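Going by the numbering used here, the sequence shown wraps up at 581, each residue one higher than the last. Idealized CB from N, CA, C, for every residue including glycine. None of the values given here were measured: they were computed from a predicted structure.
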Amino acid sequence: MSDTDDLDLFGNVSTAEQAEHDKLQAQRRNQAPTDQSPLDYQRRRYLQSHNVSPSDLGFKTLRNHQPLNFGQVFSAPERQQILDSVSAYVEHQGWTTQRHGAFPTRDIPINVLSIASTVTSRLEQTLLPRLHEHTGIDIKYWTFRDIFVVGYHEDHQRALEMHSDGSLASLTLLLNDPREFDGGGTFFEKFALRVEQVPGDAWIHDGRLDHSGVAITRGKRLVMVAFIDTIGGYTDILRS
């Protein structure tokens, strides 16, 4: 598969997702480095890095590894501001439910909220340097393809079935108080690992790992999710 083949987030795509992918690919052809660029070399090295020892590689790879906790990104007041912004939007516009193809979530994209630039800036400042440490890919090549808040609810979407993402890296970050729900968490099949998060902590994982949103049995659980990739998009190795 080439970099210009169709995007495959969640195993299926909507018309809007494909249009956004085509737009990004056009930008890449006009602006991004060539196939022999440092970006291409770094990305390919990362995608093969699970077969190389850390001492030879020079970094502890995220590739095919257990999810990593990158620490606190948003304080309690900041999380409440995000939740208030989501609540205000939902009150007038409702939740979206068909943005992610075969595995849709009940969510709100961050870019429709007034706090979008603040949230994105904070994520860039705190996460991209750490991604560089665990991938060897320069900070300048990373981009957030999608940032959104998922609203799990006992009366609506309780869980998300097993799937993998179409990104190099993915973020999950719990926004609300765990006392507001029972159950929940993210389950990673390869490691038989269930991650139950501290609110505000950024958990980053290889987008290729199969994972699911564990069902809640009471209340509501609000989680920020992001798909993070390089400007250059996908490679043959990513899909092999």
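What does the alpha-carbon distance come out to for the pair D381 and Y387? 10 Å
Check whether R463 and G541 have beta carbons under 7 Å apart: no
Check whether the Cβ atoms of D570 and R486 sit closer than 7 Å, and answer yes or no. yes
In angstroms with no decimal places, state the Cα-to-Cα distance between I449 and N517. 15 Å
Is it the case that the Cβ atoms of E495 and R559 are separated by a distance below 7 Å? With contacts defined by Cβ atoms closer than 7 Å, E495 and R559 form a contacting pair.
How many angstroms separate the CA atom of I572 from the CA atom of S458? 19 Å
S343 to R520 span [Cα, whole Å]: The predicted position of S343 is uncertain, since its pLDDT is 37 and thus under 50; a value taken from the coordinates is nonetheless stated next. Going by the C-alpha atoms only, they are around 46 Å apart.
Give me the residue from D425, P418 and D551 with the minimum Cα distance to F444. D551
Below 8 Å on the Cβ atoms is my contact criterion, and I expect P395 with H546 to pass it. Report the Cβ-Cβ distance as a whole number of Å. With 8 Å as the limit, P395 and H546 do not qualify as a contact, their Cβ atoms being about 18 Å apart.
Report the three-state DSSP secondary structure of S505 (helix, strand or coil). Reduced to three states, the DSSP call for S505 is coil.
Three-state secondary structure (DSSP) at N405? coil
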